Amino acid sequence: MGEQRVSLLTNKKKMQKFVKSLLADVEALTYMLDNDWFESGITRIGAEQEMVMVEKSTFKPACIAMEALDKMKEYEWVETELAKFNLETNLTPRELKSTCFSDLEKENSKKLTKIAKVLDTLDTELVLTGILPTLRKYHLDLDNLTPKKRYRALMDAMSQQLIGNAFELRLLGIDELLVKHDSPLLEACNTSFQVHLQVDPKDFAKMYNIAQALAGPTMAIAANSPIVFGKRLWHESRIALFQQSLDTRTTHEHMRERSPRVSFGNGWLKESILEIYKEDISRFRVLISSDVEENSLDMIENNEVPKLRSLQVHNSTVYRWNRPCYGISDNGKPHLRIENRVLPSGPTVVDEVANACFWLGAMIGMANEVDDITKHISFADARDNFGKAAKIGIDSTFTWFKDKKIGAIDLIVKHLIPIARKGLESRKVRKKDIDKYLGIIEARAKKHMNGSRWILRSYTAMMEETTPDEALAALTCSIIQNQKTNKPLHEWKEATIKDLKDYKPTNLKVSEFMTTDLFTVQKEDILELVSEMMKWKEIEYTPVEDVKGKLVGLITSKDLLEHFTKRKGRKKTYTVEDIMITSPITITENESVFEAMRLMRKEEVGCLPVVQNDELIGLITEKDFLRITGRLLQRLED
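The working numbering applies: residue 1 is where the sequence shown begins, and numbers increase by one.
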């Protein structure tokens with residue numbers, strides 16, 4: 001779950017002291033590897049479950065982590081995450097054999113049930129999802145950062161490294177998202193099911209490379225995060241969102257390369273885990289330091305196993321999708337793990353365990369069949385496959401062994417599932433478990449249905465009949481209800497508006513309700529153009545903006561009709577400036593919908609431009625209120 005006892009580096013001496021400790025940890029790790037200190041001959045698996053908490057009445061984030069944890073003090077396995085609307089649990093490490101996967105499912109379900117009972121007393125539900133559909137940009141204000149030293153230190157350190165003036169998201173899918181944010185808390189959108197695989201030090205490079213090659217296909221079948229802030233983007237938007245939320249770079253006129261702290265990597269591993277640690281120390285400045293004193297070299301000299309706290313702290317600020325991990329087993333021996341951060345949370349516990357079973361089986365099976373995967377596929381192709389899977393998920397076409405082009409479904413069903421099955425059989429995993437979990441992966445592939453496709457199909461259909469906010473609430477409600485059944489995703493029916501039994505839009509903010517796809521004009525435009533535009537697009541209000549997007553006026557259909565009625569037959573050319581309202585009543589995006597309604601009634605206007613620092617960012621009209629009122633009346637009738 002990460003070292004919590006850390007602090008921001010506030011002066012040069014503190015930074016230099018930490019770097020010395022970091023280099024000492026690398027030297028200590030080298031010694032332990034060279035002198036065979038590590039546990040070997042045993043393969044353990046583990047997992048971390050991240051989740052989101054939502055309010056029962058709105059299905060929007062419930063920022064109650066500290067209150068919830070206060071009620072769960074006896075549960076040592078549940079912890080905080082970056083945002084107040086997240087929690088994380090640690091699942092027990094177990095050997096990869098026998099009933100390990102069904103045991104993992106039972107343990108995870110049991111722990112989630114215990115958490116759910118506590119959350120129920122707080123009028124809150126838990127959700128397993130890669131990115132919560134109802135999450136909005138305003139939920140990522142730093143006020144919702146979990147009040148722990150580590151998280152504040154990380155946010156401040158990342159902000160200090162920022163070269164530009166803001167963190168930016170730029171994603172293009174069915175829709176497009178172009179937005180700035182003032183902090184790296186955008187990272188909190190991501191919720192994962194992180195799977196760990198313990199490997200022998202001598203096999204680490206081989207196994208890590210296999211993990212890299214399998215990242216694309218694994219993500220394709222498990223993708224579950226296509227919606228960010230109501231926009232339909234990549235099938236696994238977590239990938240781009242995580243990288244961009246922590247990306248301190250900006251554009252330049254030159255071509256100098258700078259690596260993001262979130263990355264797939266830059267090449268195959270050749271010999272040892274040390275290559276990764278050394279590269280990350282070389283590429284990325286130290287951000288935070290450990291408050292715990294430990295001289296790892298002195299401990300080595302005394303024949304004691306160090307925790308390598310400094311190395312672990314720095315490793316926790318560099319986010320590889322397959323992350324190297326150092327740990328100490330219960331027997332006191334150090335061990336190495338590969339942490340798979342590709343897999344999203346959800347959509348059910350059984351789906352998550354199926355994803356883990358598939359990846360772990362394919363890892364072992366591929367290692368049994370292929371001595372060196374780098375001789376069969378190039379790193380460029382492995383990274384390209386990863387990018388394709390993030391963007392288009394199960395519809396991807398990959399470049400596989402011997403430069404063969406193959407669709408994700410064929411690769412998974414015809415090649416990787418059989419390899420995974422053999423790998424699990426070689427570890428004497430119970431046949432019933434193998435059949436169950438790999439059967440879920442196969443059924444998902446054959447039905448061409450992963451979490452992302454289910455979400456996109458459901459949301460797109462609901463958007464035809466209701467507002468985005470209600471559709472997102474219905475989608476989240478349906479996810480929660482399906483999760484409670486623990487039926488695998490491929491058996492779910494599409495979500496519909498009827499899944500949402502009780503919808504109360506009273507807490508809506510203007511930003512969740514306004515229209516952002518605007519048709520605008522400028523002061524010098526002729527009125528004939530404005531008239532035709534409003535007729536073509538069936539709109540009654542047209543904002544007037546300058547070339548910089550600043551709101552300078554408003555044209556109404558009523559004003560246009562009055563103008564043309566009075567000046568019928570005149571040959572003079574009239575422009576927008578001649579009749580526009582020069583000081584329209586406006587509202588900001590953080591106001592409530594109730595305040596928007598009150599303002600429209602008070603000022604007797606049918607439209608409110610939404611502005612931010614005088615820039616036009618949206619529009620609310622009386623038609624928008626009629627649409628939502630109609631839905632509420634229909635719900636009452638139903």
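Don't be surprised by glycine CBs; every beta carbon is placed ideally from N, CA and C.
All values reported here derive from a predicted model rather than from experimental measurement.
Sequence-distant residues of its chain with Cβ nearer than 8 Å to residue i (five each side left out)
i	result
Leu140	Ala83, His181, Ser183, Leu185, Leu186, Ala188 and Cys189
Lys20	none
Gln4	Since pLDDT at Gln4 reaches only 47, below the 50 mark, its modelled position is unreliable, and the value read off the structure follows with that caveat. The answer, listed in chain order, is Lys148, Lys149 and Arg150.
Member of the options whose CA lies at the smallest distance from the CA of residue i
i	options	result
Ala240	Ser296, Pro201, Pro334 and Leu171	Leu171
Arg285	Gln244, Ile174, Ala157 and Val342	Ala157
Asn340	Ala443, Phe101, Cys325 and Asp403	Cys325
Gly164	Leu608, Lys405, Asn35 and Leu246	Leu246
Phe167	Thr588, Phe242, Thr121 and Ile131	Phe242
Asn315	Phe625, Thr565, Asp25 and Asn11	Asp25
Leu112	Phe85, Glu27, Glu577 and Trp77	Trp77
Asp372	Ser452, Lys422 and Met207	Met207
Asn331	Glu304, Val318 and Arg320	Glu304
Ile45	Ala473, Glu524 and Ala356	Ala356
Thr573	Val530, Glu604 and Lys548	Val530
Tyr31	Ser272, Met580 and Asp469	Ser272
Ser452	Pro306, Leu411, Lys431 and Glu494	Glu494
Glu577	Lys566, Asp559 and Lys571	Asp559
Leu154	Val318, Thr89 and Met366	Val318
Ala471	Tyr75, Thr58 and Asn11	Thr58
Under 8 Å between C-beta atoms of residue i and residue j
i	j	result
Ile392	Ile227	no
Ser345	Leu128	yes
Leu527	His563	yes
Arg383	Phe264	yes
Ser290	Ser310	yes
Lys60	Arg427	no
Ile338	Val199	yes
Val610	Ile587	yes
Val342	Ala215	yes
Glu591	Val521	no
Gly710	Glu595	Nothing can be reported for residue 710, as the shown portion of the chain is limited to 1 through 638.
Ser329	Glu615	no
Glu589	Leu297	no
Thr575	Lys523	yes
Asp351	Pro488	yes
Ala420	Leu438	yes
Thr218	Phe358	yes
Glu105	Val349	yes
Ala47	Gln212	no
Leu178	Gln244	no
Range covered by the beta strand (DSSP E) that runs through residue i
i	result
Thr92	Asn86 to Glu95
Leu619	Glu615 to Thr621
Ile288	Ile288 to Ser290
For residue i: DSSP bridge partner residues
i	result
His335	Gly327
Phe398	Ile406
Ile124	The sequence as given places Thr at residue 124; Ile does not occur at that position. Answer is Glu55.
Ile555	Thr542
Glu176	Leu172
Lys509	Ser592
Ser98	Val429
Lys231	Val228
Extent of the continuous alpha helix (DSSP H) run through residue i
i	result
Ala220	Phe204 to Ala222
Thr485	Pro468 to Thr485
Leu197	Unbroken run through Leu197 is the beta strand (DSSP E), Phe193 to Val199; no alpha helix (DSSP H).
Gln244	Arg238 to Ser245
Cys357	Val349 to Glu369
Gln612	Premise fails: Gln612 lies in the beta strand (DSSP E), Cys607 to Gln612, not in any alpha helix (DSSP H).
Val645	It is not possible to answer for residue 645, since the shown part of the chain is limited to 1 through 638.
Asp78	Per the sequence shown, the amino acid found at residue 78 is Val instead of Asp. Element bounds for Val78: not the alpha helix (DSSP H) but the beta strand (DSSP E), Val78 to Thr80.
Met533	Leu527 to Lys537
Asn385	Phe379 to Ile392
Trp454	Gly451 to Met463
Ala68	Ala65 to Asp70
Gln312	Arg309 to Asn315
Sequence-distant residues of its chain with Cβ nearer than 7 Å to residue i (five each side left out)
i	result
Ser557	Met534 and Glu540
Leu119	Met53, Ala68, Glu125 and Leu126
Arg152	Leu145
Leu608	Ile585, Thr586, Ile587, Ala596, Leu599, Met600 and Ile620
Close beta carbons around residue i, own chain, < 6 Å, minus the five adjacent residues each side
i	result
Val593	Leu508 and Phe513
Phe625	none
Gly173	Arg232, Leu233 and Trp234
Asn482	Trp492
Residue i beta carbon near the ligand NAD (any heavy atom closer than 7 Å)
i	result
Thr496	Among the components modelled here there is no ligand, and therefore nothing to report on the ligand NAD.
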